[in-house]
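Step one of this worksheet: look at the structure below.
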């Protein structure tokens with residue numbers, strides 16, 4: 153799946169440069185110029201990494217991070233990209249939830265290496281916990297096998313990717329276009345009915361229902377939300 157990265161930077165030229173670097177490395181980027189616009193976006197979009205500047209027009213970077221960590225309770229990797237280079241600022245950011253800290257001007261290849269390292273750590277953590285965190289379902293991403301109460305459920309590759317994506321984003325309202333761009337990637341312009349058809353298939357194959365502790369809701373005009381019950 154293509155990693156989705158949010159860039160919170162009020163300097164348009166800097167934001168576009170960072171997006172250019174990331175796009176060339178295969179990342180999907182969303183740009184934001186205010187802290188509140190990013191916080192609003194996080195409610196509907198699941199990002200893999202958040203790149204945050206310190207000085208912003210409305211809420212400063214540390215306050216944005218505080219809301220993400222302590223109000224929204226998200227553990228999405230956060231990398232600060234800022235001109236503030238004092239040891240105190242760096243230590244404060246890292247001690248309060250930042251995963252990395254880069255001082256401007258940023259060097260392209262070092263920056264991309266740090267982004268890759270953070271996505272790798274996030275993926276490793278997810279791989280280590282995937283088998284048991286969706287009980288009674290289990291997903292083995294490496295073998296693309298799905299289990300319900302220990303029984304192997306036969307899924308096609310695309311069905312597995314879709315099911316795994318939904319479970320990894322439980323509780324989130326996922327728009328059809330967002331599902332398309334992450335599961336079908338280069339075929340993201342396909343008819344949205346394809347998403348609906350595949351949703352119907354995995355709902356049936358995996359017996360997603362309150363009896364198994366989960367509910368997959370269709371939100372009219374928007375998309376789908378997978379909810380854990382109890």
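Residue numbers (our numbering): 153 to 382.
Glycine included, C-beta positions come from ideal geometry on N, C-alpha and C.
These numbers come from a predicted model, not from an experiment.
Under 7 Å between C-beta atoms of residue i and residue j
{"i": "residue 292", "j": "residue 201", "result": "no"}
{"i": "residue 220", "j": "residue 254", "result": "no"}
{"i": "residue 354", "j": "residue 314", "result": "yes"}
{"i": "residue 208", "j": "residue 162", "result": "yes"}
{"i": "residue 174", "j": "residue 157", "result": "yes"}
{"i": "residue 357", "j": "residue 305", "result": "yes"}
{"i": "residue 196", "j": "residue 307", "result": "no"}
Endpoints, alpha helix (DSSP H) assigned at residue i
{"i": "residue 218", "result": "213–218"}
{"i": "residue 335", "result": "328–335"}
{"i": "residue 188", "result": "187–194"}
{"i": "residue 183", "result": "No alpha helix (DSSP H) holds residue 183; the beta strand (DSSP E) holding it covers 180–184."}
{"i": "residue 170", "result": "164–176"}
{"i": "residue 239", "result": "239–247"}
Integer-rounded CB distance, given that residue j should sit under 8 Å from residue i
{"i": "residue 210", "j": "residue 186", "result": "5 Å"}
{"i": "residue 379", "j": "residue 323", "result": "6 Å"}
{"i": "residue 177", "j": "residue 184", "result": "Residue 177 to residue 184, Cβ: 20 Å. No contact."}
Selection from the options that minimises the alpha carbon distance to residue i
{"i": "residue 266", "options": "203, 325, 192", "result": "203"}
{"i": "residue 229", "options": "241, 198, 298", "result": "198"}
{"i": "residue 252", "options": "166, 352, 217, 354", "result": "217"}
{"i": "residue 213", "options": "353, 182, 159", "result": "159"}
{"i": "residue 316", "options": "164, 302, 335, 301", "result": "335"}
{"i": "residue 427", "options": "192, 311, 356", "result": "Residue 427 lies beyond the stretch modelled for the chain, which goes from 153 to 382, so this question has no answer here."}
{"i": "residue 328", "options": "238, 294, 223, 377", "result": "377"}
{"i": "residue 231", "options": "179, 242, 223, 195", "result": "242"}
{"i": "residue 257", "options": "165, 276, 370, 372", "result": "165"}
{"i": "residue 248", "options": "332, 276, 239, 222", "result": "222"}
{"i": "residue 348", "options": "370, 167, 362, 333", "result": "370"}
{"i": "residue 330", "options": "181, 235, 303", "result": "181"}
{"i": "residue 264", "options": "362, 171, 276", "result": "171"}
N- and C-terminal bounds of the beta strand (DSSP E) containing residue i
{"i": "residue 253", "result": "252–255"}
{"i": "residue 315", "result": "Run containing residue 315: none in the beta strand (DSSP E); it sits in the alpha helix (DSSP H), 309–320."}
{"i": "residue 305", "result": "303–305"}
{"i": "residue 371", "result": "366–371"}
{"i": "residue 203", "result": "201–204"}
Contact set for residue i: own chain, Cβ-Cβ below 6 Å, skip 5 residues either direction
{"i": "residue 226", "result": "220"}
Beta-carbon contacts of residue i that lie in its chain and below 7 Å, excluding the five residues immediately before and after
{"i": "residue 301", "result": "288"}
Residue i at chain D interface by Cβ criterion, 7 Å
{"i": "residue 156", "result": "Absent from the structure: chain D. Only one protein chain is present."}
Contact set for residue i: own chain, Cβ-Cβ below 8 Å, skip 5 residues either direction
{"i": "residue 365", "result": "287, 288, 380, 381, 382"}
{"i": "residue 319", "result": "286, 289, 291, 378"}
{"i": "residue 368", "result": "318, 351, 355, 360, 376, 377, 378, 379"}
{"i": "residue 154", "result": "178, 179, 180, 333, 334, 337"}
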